[in-house]
Amino acid sequence: MNPQAKLIFIISLLLGTTITISSNHWVMAWTGLEINTLAILPLISKSHHPRAIEAATKYFLVQAAASTLVLFSSMTNAWFTGQWDITQMTHPTSSLILTAAISMKLGLAPFHFWFPEVLQGSPLMTGLLLSTVMKFPPITLLYMTSQSLNPMLLTTLAILSVALGGWMGLNQTQTRKIMAFSSIAHLGWMAIILIYYPKLTLLNFYLYAMMTAAVFLTLNSMKVLKLSTLMTAWAKAPSLSTILLLTLLSLAGLPPLTGFLPKWLIIQELTKQDMAPAAIIISLLSLLGLFFYLRLAYCATITLPPHTTNHMKQWHTNKPVNPSIAVLTTLSIMLLPISPMLATII
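If you count by full-length UniProt numbering, then the sequence shown holds residues 1 to 346, one letter each, in order.
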């Protein structure tokens, strides 16, 4: 892709995101979401492969439908209340339509079907943008309207997302699809706490984005698209494989690592809100996710490829590790000790 064109698309992405997260009026927020959608489409379809074109088409149709619903819910709310302000979403029907629309934009279950397919058809770096930057504007809209959303509906969507994200990721062999189901499960954790402690949703999103960026950059550096490639990657870049192991375990939420922090705070807050059953269910369902992270980690560091065919092994390269991978991985592994400070900030 032409570097100038790429720069324009990246700037448009940043512009769309900034417009949405800084707006008070529904039409401005909708405009930002549209700019975002149009800017990411060429980045998805830049390889001109049929899978990429299919992914871009699916993404466009789903996002267009979700944007229409966002506009419809805000117009319905304005019709009944005379308010276009994002924080004044007081009409119950409008709130329900908005929840469905944002769930479609984010890929929350049961509106998640497009996300694994789109991620599978995109390059790894575009997949990173889809999993992190593109989720930020809808999350901020949910954050701004959190006081008027339906708790029962969001809790149901959250538990369903964690269950399906874990369950459907178990059988995958493509790293991008595994990361897509991982994203769906993490969104479930964010949605369940949104009404009770919105800042915790944002904290969870920031930490999730950081860990996902570390995983995607590592996979991109090793050129890994499926598990069978990952099995031979240890010979090419042993340090990156070790880093990937730790980051994946952090993403799974194992205790001494950063990923445990948001899960711990969310379970604590749910218990305070007399939602211990929901906390127990979501914790048990996250074990499904732990299984496929462990599978990825196992493939990355421990196994040899399970076949005897002769093939060229790629041996050590002296290429230095990207500094951004080093920084993100360090943060993904070592932030748990500063949790008291984070708790005072939020």
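Note that CB positions come from ideal geometry on N, CA and C, so glycine has one too.
Task: C-alpha distance - Pro116 paired with Gly107, whole-angstrom precision - done: As a working note, residue 116 is residue 116 in the sequence shown. As a working note, residue 107 is residue 107 in the sequence shown. If I take the Cα positions, the gap works out to 9 Å.
Open item on the list: So for His186, helix, strand or coil by DSSP?
Closed with: Against the sequence shown, residue 186 aligns to sequence position 186. His186 falls in the helix class under three-state DSSP.
Task: Residue from Pro320, Leu331, Ala163 and Trp114 with nearest C-alpha to Gly259 - done: Residue mapping note: residue 259 aligns to position 259 of the sequence shown, counting from 1. For Gly259, the nearest C-alpha among the options comes from Leu331.
Task: Span of the alpha helix (DSSP H) around Ala237 - done: Residue mapping note: residue 237 aligns to position 237 of the sequence shown, counting from 1. Element bounds for Ala237: n/a, residue is neither H nor E.
Task: C-alpha gap between Lys226 and Thr232, whole angstroms - done: As a working note, residue 226 is residue 226 in the sequence shown. As a working note, residue 232 is residue 232 in the sequence shown. Straight-line Cα distance between these residues: approximately 11 Å.
Task: Which listed residue (Ala343, Ser239, Thr18 and Trp189) has its alpha carbon closest to that of Val133 - done: What you label residue 133 is simply residue 133 of the sequence shown in a count that begins at 1. Nearest C-alpha to Val133: Thr18.
TODO: State the start and end residues of the unbroken alpha helix (DSSP H) segment that holds Thr17.
DONE: Residue mapping note: residue 17 aligns to position 17 of the sequence shown, counting from 1. Residues Pro3 to Ser22.
Open item on the list: Met89 and Leu98 - do their beta-carbons sit closer together than 8 Å?
Closed with: Numbered from its first residue, the sequence shown carries residue 98 at position 98. Numbered from its first residue, the sequence shown carries residue 89 at position 89. It is a contact, given that the beta carbons lie within the stated cut-off.
TODO: Give a yes or no on whether the C-beta atoms belonging to Gly127 and Gly289 are separated by under 8 Å.
DONE: For this step, residue 127 is matched to residue 127 along the sequence shown. For this step, residue 289 is matched to residue 289 along the sequence shown. No, Cβ-Cβ distance for Gly127 and Gly289 is not below 8 Å.
Task: Same chain, Cβ closer than 6 Å to Phe181, five either side skipped, listed in chain order - done: Sequence index remark: in the sequence shown, residue 181 carries index 181 (1-based). Cβ within range, chain order: Gly165, Met168 and Gly169.
- [ ] Using 10 angstroms around the beta-carbon of Lys135, count the other beta-carbons present and answer buried if the total reaches 16, otherwise exposed.
- [x] By one-based count along the sequence shown, residue 135 stands at place 135. Looking at its Cβ environment, which holds 16 or more other Cβ atoms inside 10 Å, Lys135 is buried.
Task: Helix, strand or coil at Lys58 [DSSP, three-state] - done: Residue numbering aside, residue 58 sits at position 58 when the sequence shown is read from its first letter. Three-state DSSP puts Lys58 in a helix.
Task: Residue from Ile11, Ser94, Ala163 and Arg295 whose Cα sits closest to the Cα of Thr145 - done: Locating residue 145 in the sequence shown gives position 145, where the first residue counts as 1. Of Ile11, Ser94, Ala163 and Arg295, the residue nearest in Cα terms is Ser94.
- [ ] Below 8 Å on the Cβ atoms is my guess for Leu142 versus Leu207; work out the distance and round it to an integer in Å.
- [x] For the purposes of this step, residue 142 is taken as the residue at position 142 of the sequence shown. For the purposes of this step, residue 207 is taken as the residue at position 207 of the sequence shown. The Cβ separation is near 17 Å, so there is no contact.
Open item on the list: Suppose you measure from the CA of His48 to the CA of Asp85; what does that come to, to the nearest Å?
Closed with: Stepping through the sequence shown from its first residue, residue 48 is reached at position 48. Stepping through the sequence shown from its first residue, residue 85 is reached at position 85. So the alpha carbons of these two residues sit roughly 41 Å apart.
TODO: Consult DSSP for Lys46 and reduce its assignment to one of helix, strand or coil.
DONE: By one-based count along the sequence shown, residue 46 stands at place 46. Looking at Lys46 - three-state DSSP - the assignment turns out to be coil, as it is neither helix nor strand.
Open item on the list: Tell me which residues share the same chain as Ser45 and place their Cβ nearer than 6 Å to its Cβ, disregarding the 5 neighbours each side in the sequence.
Closed with: Mapped onto the sequence shown, residue 45 falls at position 45. Ala52, Ile53 and Ala56.
Open item on the list: Judging by CA-CA distance, which residue of Ser122, Thr329, Thr87 and Phe113 is the nearest neighbour of Thr175?
Closed with: Taking the first residue of the sequence shown as 1, we reach residue 175 at position 175. Taking only the C-alpha atoms, the option nearest Thr175 is Ser122.
Open item on the list: According to DSSP, His25 sits in a beta bridge with which residue or residues?
Closed with: Stepping through the sequence shown from its first residue, residue 25 is reached at position 25. According to DSSP, which records beta bridges pairwise, His25 is partnered with Asp85.
Task: Integer-rounded CB distance, given that Ala191 should sit under 8 Å from residue 349 - done: The requested residue 349 does not occur in the structure, where the chain is confined to residues 1 to 346.
Task: Spatially closest choice to Ser286 from Leu296, Ala252, Ala101 and Trp26, by CA coordinates - done: The sequence position of residue 286 within the sequence shown is 286, counting from 1. Closest option to Ser286, Cα to Cα, is Ala252.
- [ ] Determine the direct distance from the alpha carbon of Val62 to that of Pro110, and round the result to whole angstroms.
- [x] Numbered from its first residue, the sequence shown carries residue 110 at position 110. Numbered from its first residue, the sequence shown carries residue 62 at position 62. Roughly 13 Å separates the two Cα atoms.
TODO: Please state if the CB of Ile40 and the CB of residue 353 are separated by a distance shorter than 8 Å.
DONE: Given a span of 1 to 346 for the chain in the structure shown, any question on residue 353 remains unanswerable.
Open item on the list: Within the continuous alpha helix (DSSP H) that includes Val162, where are the two ends?
Closed with: Counting from one through the sequence shown, the residue named residue 162 turns up at place 162. Note, Val162: alpha helix (DSSP H), Pro151 to Gly169.
- [ ] Under the assumption that Leu202 contacts Leu261 (Cβ atoms under 8 Å), give the Cβ distance between them as a whole number of angstroms.
- [x] Translated into positions along the sequence shown, residue 202 becomes position 202. Translated into positions along the sequence shown, residue 261 becomes position 261. Wrong, their Cβ atoms sit about 13 Å apart, outside the cutoff.
Open item on the list: Restricting to Cα atoms, I'd like to know which of Ile178, Thr218, His25 and Ser283 is closest to Arg295.
Closed with: As a first step, residue 295 is located in the sequence shown; it is residue number 295 there, counting from the start. Answer by Cα proximity: Ile178.
Open item on the list: Nearest by alpha-carbon distance to Ser22: which of Thr140, Leu342, Ala235 and Asn322 is it?
Closed with: To locate residue 22, count along the sequence shown from 1; it is residue 22. Answer by Cα proximity: Thr140.
TODO: Under the assumption that Gly32 contacts Pro137 (Cβ atoms under 8 Å), give the Cβ distance between them as a whole number of angstroms.
DONE: As a working mapping, residue 32 is identified with position 32 in the sequence shown. As a working mapping, residue 137 is identified with position 137 in the sequence shown. Right, the Cβ-Cβ distance comes to about 6 Å (below 8 Å), so this counts as a contact.
Open item on the list: Cutting at 6 Å between CB atoms, please list the residues of its own chain near Ser183, excluding the five before and the five after it.
Closed with: Residue numbering aside, residue 183 sits at position 183 when the sequence shown is read from its first letter. Closer than 6 Å at Cβ, skipping near neighbours: Ser131.
Task: Exposure label - Ser228; buried when at least 16 CB within 10 Å - done: The residue given as residue 228 occupies position 228 in the sequence shown. Per the 10 Å Cβ criterion, exposed.
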